[in-house]
């Protein structure tokens with residue numbers, strides 16, 4: 016049995032179960048007499064969703080009919096589907112799913128802060144998809160926070176790396192690393208095109224850094240992934256670290272990035288760096 020054939024019975028079962036839990040009172044309808052169904056009738060769902068009774072019946076029967084995003088949204092509203100259920104409906108109906116824009120997370124919370132603190136001495140940071148810095152641990156502050164970065168006063172990794180003086184920038188080989196970060200930013204930007212906060216951020220960074228403006232105009236897109244990066248620190252010199260991104264349940268478009276020493280020399284330098292103590296923000 017093909018994927019589509021397997022999804023259709025699942026779609027039918029899912030719609031019936033969601034319809035059964037919505038009562039007439041939930042949608043402002045009188046209960047009526049002699050109802051044989053625990054929830055809404057098919058014709059009531061069709062009426063409330065603005066679709067034909069036959070079409071909805073076929074959809075719930077798992078017949079091979081086409082459904083548009085607009086129609087599925089109407090059905091989802093009638094059946095009071097929450098965001099995960101709405102996405103599940105789309106997947107079963109084989110319609111591309113576009114999640115509603117969400118306010119970008121700006122606070123990691125104490126639980127996530129506790130996790131990255133427990134990772135110390137490994138440097139760890141929490142970013143949202145715009146590279147806003149939501150939380151750091153002492154290892155990260157040891158590695159990144161020099162006086163010039165603190166003076167910039169913008170808790171955003173991209174803003175820092177594009178506006179700090181190149182000769183003190185913690186990330187070496189900027190011509191290799193910064194294009195990847197901008198391409199990663201663009202992969203997230205696709206979900207936020209036209210949102211005022213994102214458009215202001217992109218415009219302001221482009222105005223502050225011609226190099227960012229040039230990279231942004233290239234249109235390149237990549238997804239976050241593990242990379243070996245080289246950092247410089249005035250106390251210990253060069254450090255080669257592998258970055259690994261970890262998603263966070265309940266925090267859409269946020270990730271923990273952990274840096275681990277790539278070799279024994281870096282591991283020893285990291286130990287020495289930690290012994291000097293971190294800079295307090």
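In this note's numbering, the protein residues as written are 16 to 296.
Glycine included, every Cβ here is placed at the ideal spot set by N, Cα and C.
DSSP-derived helix/strand/coil call for residue i
i: residue 276; result: strand
i: residue 76; result: coil
i: residue 8; result: Outside the displayed range of the chain (16 to 296) lies residue 8, so it cannot be described from this structure.
i: residue 214; result: helix
i: residue 294; result: Its pLDDT being 47, under 50, residue 294 is placed unreliably in this model, and the coordinates cannot settle the point.
i: residue 263; result: coil
i: residue 188; result: coil
i: residue 82; result: coil
i: residue 38; result: coil
i: residue 235; result: coil
i: residue 27; result: helix
i: residue 142; result: strand
i: residue 103; result: helix
i: residue 252; result: strand
i: residue 150; result: strand
i: residue 32; result: helix
i: residue 60; result: helix
Euclidean distance between Cα positions of residue i and residue j
i: residue 16; j: residue 22; result: Residue confidence for residue 16 is low, a pLDDT of 46 falling below 50, so the modelled location carries little weight; the figure read from the coordinates is stated next. Between residue 16 and residue 22, the C-alpha separation is close to 10 angstroms.
i: residue 45; j: residue 98; result: 27 angstroms
i: residue 207; j: residue 65; result: 29 angstroms
i: residue 76; j: residue 69; result: 10 angstroms
i: residue 269; j: residue 170; result: 15 angstroms
i: residue 197; j: residue 271; result: 18 angstroms
i: residue 112; j: residue 84; result: 8 angstroms
i: residue 59; j: residue 125; result: 46 angstroms
i: residue 43; j: residue 265; result: 32 angstroms
i: residue 242; j: residue 191; result: 11 angstroms
i: residue 245; j: residue 283; result: 15 angstroms
i: residue 247; j: residue 181; result: 11 angstroms
i: residue 240; j: residue 33; result: 38 angstroms
i: residue 73; j: residue 31; result: 12 angstroms
i: residue 130; j: residue 230; result: 34 angstroms
i: residue 91; j: residue 103; result: 10 angstroms
i: residue 220; j: residue 279; result: 37 angstroms
i: residue 7; j: residue 261; result: The shown model of the chain, from 16 to 296, leaves out residue 7, and the question about it has no answer.
i: residue 89; j: residue 82; result: 11 angstroms
i: residue 235; j: residue 213; result: 18 angstroms
i: residue 67; j: residue 61; result: 6 angstroms
i: residue 110; j: residue 267; result: 21 angstroms
i: residue 96; j: residue 63; result: 14 angstroms
i: residue 210; j: residue 290; result: 44 angstroms
i: residue 174; j: residue 187; result: 16 angstroms
Under 8 angstroms between C-beta atoms of residue i and residue j
i: residue 281; j: residue 254; result: yes
i: residue 185; j: residue 159; result: yes
i: residue 288; j: residue 157; result: yes
i: residue 94; j: residue 140; result: no
i: residue 144; j: residue 203; result: yes
i: residue 172; j: residue 149; result: no
i: residue 54; j: residue 27; result: no
i: residue 199; j: residue 249; result: no
i: residue 57; j: residue 71; result: yes
i: residue 134; j: residue 273; result: yes
Top-ranked residue by Cα proximity to residue i, from the options
i: residue 106; options: 123, 92, 87; result: 87
i: residue 128; options: 109, 235, 138, 152; result: 152
i: residue 257; options: 248, 266, 277; result: 277
i: residue 178; options: 228, 78, 261; result: 228
i: residue 259; options: 201, 237, 200, 138; result: 138
i: residue 201; options: 225, 216, 285, 130; result: 216
i: residue 29; options: 51, 101, 61; result: 101
i: residue 189; options: 226, 62, 41; result: 226
i: residue 194; options: 108, 218, 110, 176; result: 176
i: residue 78; options: 205, 209, 25, 290; result: 25
i: residue 80; options: 187, 63, 108; result: 108
i: residue 142; options: 263, 290, 218, 285; result: 263
i: residue 286; options: 41, 218, 39, 154; result: 154
Residue i Cβ short of 7 angstroms to the ligand COA heavy atom set
i: residue 32; result: This structure lacks the ligand COA; in fact it carries no ligand of any kind.
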